[in-house]
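Before any comments, here is the structure.
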Amino acid sequence: MQHLTLTQPDDWHLHLRDGANMASIVKATSRCFARAIIMPNLKIPITTVEQALAYRKQICAIDSRFNPLMTLYLTENTSVDEIAKVKNSKHIVALKYYPANATTNSDSGVKDWHQVSPVLEAMQEYDIPLLIHGEETAPHIDIFDREKVFIEKILERILKHFPKLRVVLEHITTKEAVEYVMNNNLAATITAHHLLMNRNEIFKGGLRPHHYCLPVLKREEHRQALLQAATSGNPKFFLGTDSAPHAQSAKESMCCCAGIYTAPAALELYAEAFEQVQALDKLEGFASFYGADFYHLPRNTQTITLEKRTWQMPTHFEFGEEKVIPLRAGTDIYWVQN
Ligand code: NCD
Ligand code: ZN
């Protein structure tokens, strides 16, 4: 197949950052996606409706055709009143649950889910989705087991207590997560990088900081399970890039931060992954339908076309006064948006 026309897709998990760093980052996504779920883990986390609306304004000022769907960062201080405000705001669609210290800017996250129980109760009542970063962060847990342990120890209990809460397990990385999502009342996003790479890519010929993200890349058998889920046509699995830019200096450092910047070729990378298993016909559901359906939003009506043609990803992009290095920097990408 040389051309692939799809209903315009949406990105259901995206990091845009803020301030001077945002300008090039927003456009990398809005060139292709109509809407995106904007993650709230800024240096000062977005914890109130007021903050989220101010952040949204900054994003819209960069590209007014793009529709950012905002989220609040759930903390142990989030009030039930704030949840009522979310219910009444058409621009704020979900709350994000970060286990404390699980990832970039997550030190205000949840230490003990019982502390946020009244808030989860209110979210269940108002039918507001909870988006979960599913990793157990206790230091004795092996980093490759964090997702599996979180599902067993925390997620299972949350779903039991709140059987009607609408939950997305974000950026799933393991076959255990795939099975859990298939058998329980929740949905999941899957990134392009977890569909294309296994953990060998972190260590290929040396240590590769630009392949370090959280949850960390896993074994090949897990990648295979994710590919199968994404291309199965099961509407519980949909597109969320988790595109997470960091300055080159923060990645190439003594303590490299987590995050892979895929936005400049996000849909093209998903097409590559789907093509590997001869499932390009399943891309539209995954990229353009199932996420919108989950969030009870209308499906997009415009279309976009991808063409099978090789091009080179630039070696870097502007990131405020610094640079950001995208996935596949200086190497081949096999699909291009017309
Ligand atoms: C994300 C970031 O940098 O904000 N990093 C990542 O590796 N995915 C945070 C996150 O989603 O975990
Ligand atoms: Zn993320």
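For the sequence shown, numbering that gives the first Met the number 0 begins at 0 and goes up steadily by one. From the three backbone atoms N, C-alpha and C, an ideal C-beta is built for every residue, glycine too. Nothing here was measured: the structure is a model prediction, and the numbers come from that model.
**Message:** Using a Cβ-Cβ cutoff of less than 7 Å, which residues in the same chain neighbour P162 once the five nearest sequence positions on both sides are dropped?
**Reply:** N184
**Asked** Looking at C-alpha atoms only, which residue of S63, I37, T261 and D292 is the closest neighbour of M69?
**Response** I37
**Asked** Using 8 Å as the Cβ pair cut-off and three pairs as the minimum, do the segment 242-256 and the segment 286-299 touch?
**Response** no
**Request:** Any chance you could list the alpha helix (DSSP H) runs of at least 4 consecutive residues sitting entirely within the segment 112-177, in chain order?
**Result:** 116-125, 145-149 and 155-160
**Request:** Would you mind reading off the limits of the beta strand (DSSP E) that contains D331?
**Result:** Residues D331 to Q336.
**Request:** Just confirm the distance between the C-beta atoms of V85 and I150, as a whole number of angstroms; I'd bet it's less than 8 Å.
**Result:** At roughly 26 Å, the Cβ-Cβ gap does not stay under 8 Å, so V85 and I150 are not in contact.
**Asked** Does the distance from the C-beta atom of W334 to that of A270 stay below 7 Å?
**Response** yes
**Message:** Residues in the same chain with beta-carbon distance under 6 Å from E267, minus the five sequence neighbours each way, listed in chain order, please.
**Reply:** Cβ within range, chain order: I332 and W334.
**Prompt:** What are the start and end residues of the alpha helix (DSSP H) that includes Y269?
**Reply:** Following the DSSP letters along the chain, one finds Y269 inside the alpha helix (DSSP H) bounded by residues A265 to Q275.
**Prompt:** In terms of alpha-carbon separation, which member of R16, K203 and N20 lies closest to G319?
**Reply:** N20
**Asked** A246 to R64, Cα distance in whole Å?
**Response** 27 Å
**Prompt:** Do you know whose CA, among K95, R222 and F32, lies nearest I45's CA?
**Reply:** Scanning K95, R222 and F32 for the CA closest to the CA of I45 turns up K95.
**Request:** Taking only heavy atoms of ligand 2 into account, decide whether any of them is closer than 6 Å to the Cβ of M69.
**Result:** no
**Request:** Per DSSP, which residues does R34 bridge with? Please list them.
**Result:** N66
**Prompt:** Cα separation between C208 and H14?
**Reply:** The question names Cys, but residue 208 is Pro in the sequence shown. Between P208 and H14, the C-alpha separation is close to 18 Å.
**Request:** Check the C-beta distance from K42 over to E75 and give it rounded, since I have them as a contact under 8 Å.
**Result:** Contact flag wrong, Cβ pair sits at about 19 Å.
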